[in-house]
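Sequential numbering of the sequence shown, starting at 1439, is according to the numbering used here. Idealized CB from N, CA, C, for every residue including glycine. One structure below.
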Amino acid sequence: MERDQTEELRALQDTLYFIGGKWRIPVINAICNGNKRFREIERSIPGITTRMLSKELKDMELNKLVKRNVYPETPVLIEYEPTEYCRTFGNIIAEMINWGREHRKVIVEDKI
(Lines of atoms letter the chains of each structure in order from A and count residues from 1; the text may use other names and numbers.)
(Lines give C-alpha, C1' and ligand atoms only; values in the text may rest on other atoms or scores of the structure.)
Protein backbone atom coordinates (compact mmCIF):
# COMPACT_ATOMS: atom_id res chain seq x y z
CA MET A 1 0.00 0.00 0.00
CA GLU A 2 1.39 3.36 -1.01
CA ARG A 3 1.62 6.06 1.63
CA ASP A 4 0.09 9.46 1.04
CA GLN A 5 2.89 11.78 2.10
CA THR A 6 0.77 14.91 1.66
CA GLU A 7 -1.88 13.54 4.01
CA GLU A 8 0.77 12.37 6.49
CA LEU A 9 2.39 15.81 6.49
CA ARG A 10 -1.00 17.46 7.10
CA ALA A 11 -1.67 15.06 10.01
CA LEU A 12 1.78 15.74 11.50
CA GLN A 13 1.25 19.50 11.18
CA ASP A 14 -2.14 19.21 12.91
CA THR A 15 -0.54 17.24 15.75
CA LEU A 16 2.37 19.66 16.09
CA TYR A 17 -0.04 22.59 16.11
CA PHE A 18 -1.95 20.91 18.92
CA ILE A 19 1.12 20.19 21.08
CA GLY A 20 3.29 23.02 19.77
CA GLY A 21 2.75 25.46 22.59
CA LYS A 22 4.88 25.46 25.69
CA TRP A 23 1.92 25.00 28.02
CA ARG A 24 -0.62 22.76 26.25
CA ILE A 25 0.79 19.39 27.33
CA PRO A 26 1.46 20.46 30.95
CA VAL A 27 -2.13 21.77 31.23
CA ILE A 28 -3.57 18.52 29.85
CA ASN A 29 -1.32 16.52 32.15
CA ALA A 30 -2.38 18.60 35.18
CA ILE A 31 -6.08 18.19 34.44
CA CYS A 32 -5.76 14.47 33.71
CA ASN A 33 -3.92 14.07 37.03
CA GLY A 34 -6.95 15.34 38.92
CA ASN A 35 -6.44 19.09 39.18
CA LYS A 36 -9.89 20.53 38.45
CA ARG A 37 -9.97 24.10 39.69
CA PHE A 38 -8.13 26.96 38.03
CA ARG A 39 -5.81 27.65 40.98
CA GLU A 40 -5.02 23.93 41.41
CA ILE A 41 -4.04 23.70 37.76
CA GLU A 42 -2.03 26.92 38.00
CA ARG A 43 -0.15 25.76 41.13
CA SER A 44 0.69 22.42 39.54
CA ILE A 45 2.48 24.05 36.58
CA PRO A 46 5.51 26.10 37.69
CA GLY A 47 6.04 29.24 35.64
CA ILE A 48 2.64 29.48 33.95
CA THR A 49 0.92 32.84 34.30
CA THR A 50 -2.74 33.32 35.12
CA ARG A 51 -3.29 34.95 31.75
CA MET A 52 -1.61 32.12 29.83
CA LEU A 53 -3.53 29.41 31.71
CA SER A 54 -6.80 31.23 31.04
CA LYS A 55 -5.94 31.46 27.33
CA GLU A 56 -4.95 27.79 27.14
CA LEU A 57 -8.12 26.62 28.90
CA LYS A 58 -10.34 28.70 26.60
CA ASP A 59 -8.54 27.36 23.52
CA MET A 60 -8.74 23.80 24.80
CA GLU A 61 -12.46 24.20 25.47
CA LEU A 62 -13.00 25.44 21.90
CA ASN A 63 -11.06 22.42 20.60
CA LYS A 64 -13.23 20.01 22.64
CA LEU A 65 -10.35 18.92 24.88
CA VAL A 66 -11.65 20.30 28.16
CA LYS A 67 -15.13 20.65 29.57
CA ARG A 68 -15.79 23.67 31.78
CA ASN A 69 -18.34 23.05 34.51
CA VAL A 70 -19.89 26.03 36.32
CA TYR A 71 -21.68 25.36 39.60
CA PRO A 72 -24.05 28.11 40.82
CA GLU A 73 -22.72 28.42 44.33
CA THR A 74 -21.53 31.42 46.26
CA PRO A 75 -18.85 32.08 45.22
CA VAL A 76 -19.26 30.49 41.80
CA LEU A 77 -17.35 27.23 41.49
CA ILE A 78 -15.72 26.42 38.15
CA GLU A 79 -14.06 23.09 37.44
CA TYR A 80 -12.36 21.72 34.36
CA GLU A 81 -12.28 18.12 33.25
CA PRO A 82 -10.72 16.38 30.27
CA THR A 83 -13.12 15.19 27.60
CA GLU A 84 -13.01 11.62 26.34
CA TYR A 85 -11.46 13.04 23.18
CA CYS A 86 -8.69 14.60 25.26
CA ARG A 87 -8.05 11.31 27.04
CA THR A 88 -7.27 9.68 23.67
CA PHE A 89 -4.07 11.74 23.77
CA GLY A 90 -3.01 10.11 27.05
CA ASN A 91 -1.01 7.30 25.46
CA ILE A 92 0.88 9.79 23.32
CA ILE A 93 1.75 11.87 26.39
CA ALA A 94 2.91 8.73 28.23
CA GLU A 95 5.14 7.81 25.29
CA MET A 96 6.51 11.36 25.17
CA ILE A 97 7.36 11.11 28.89
CA ASN A 98 9.10 7.75 28.33
CA TRP A 99 11.00 9.10 25.33
CA GLY A 100 12.05 12.18 27.31
CA ARG A 101 13.36 10.04 30.16
CA GLU A 102 15.36 7.85 27.76
CA HIS A 103 16.65 10.87 25.88
CA ARG A 104 17.86 12.45 29.14
CA LYS A 105 19.75 9.22 29.95
CA VAL A 106 21.40 9.23 26.53
CA ILE A 107 22.43 12.87 26.89
CA VAL A 108 23.73 12.41 30.45
CA GLU A 109 25.68 9.27 29.46
CA ASP A 110 27.33 11.15 26.59
CA LYS A 111 28.54 13.83 29.02
CA ILE A 112 30.13 11.32 31.42
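Between the alpha carbons of residue 1538 and residue 1512, how many angstroms are there, rounded? Indexing the sequence shown from 1 puts residue 1538 at position 100. Indexing the sequence shown from 1 puts residue 1512 at position 74. Taking C-alpha positions only, residue 1538 is separated from residue 1512 by approximately 43 Å.
Considering only the alpha carbon of each residue, which of 1519, 1473, 1500 lies closest to residue 1507? Working through the sequence shown from its first residue, we reach residue 1507 at position 69. The candidate whose alpha carbon is nearest that of residue 1507 is 1519.
Please list the terminal residues of the continuous alpha helix (DSSP H) segment that includes residue 1447. Within the sequence shown, the letter at position 9 stands for residue 1447. Element bounds for residue 1447: 1443-1457.
Between the region 1493-1502 and the region 1454-1465, can you find at least three pairs of beta-carbon atoms closer than 8 Å? With a cut-off of 8 Å, the region 1493-1502 and the region 1454-1465 count as touching, because enough Cβ pairs lie within range.
What is the DSSP secondary structure of residue 1507, reduced to helix, strand or coil? What you label residue 1507 is simply residue 69 of the sequence shown in a count that begins at 1. Three-state result, residue 1507: strand.
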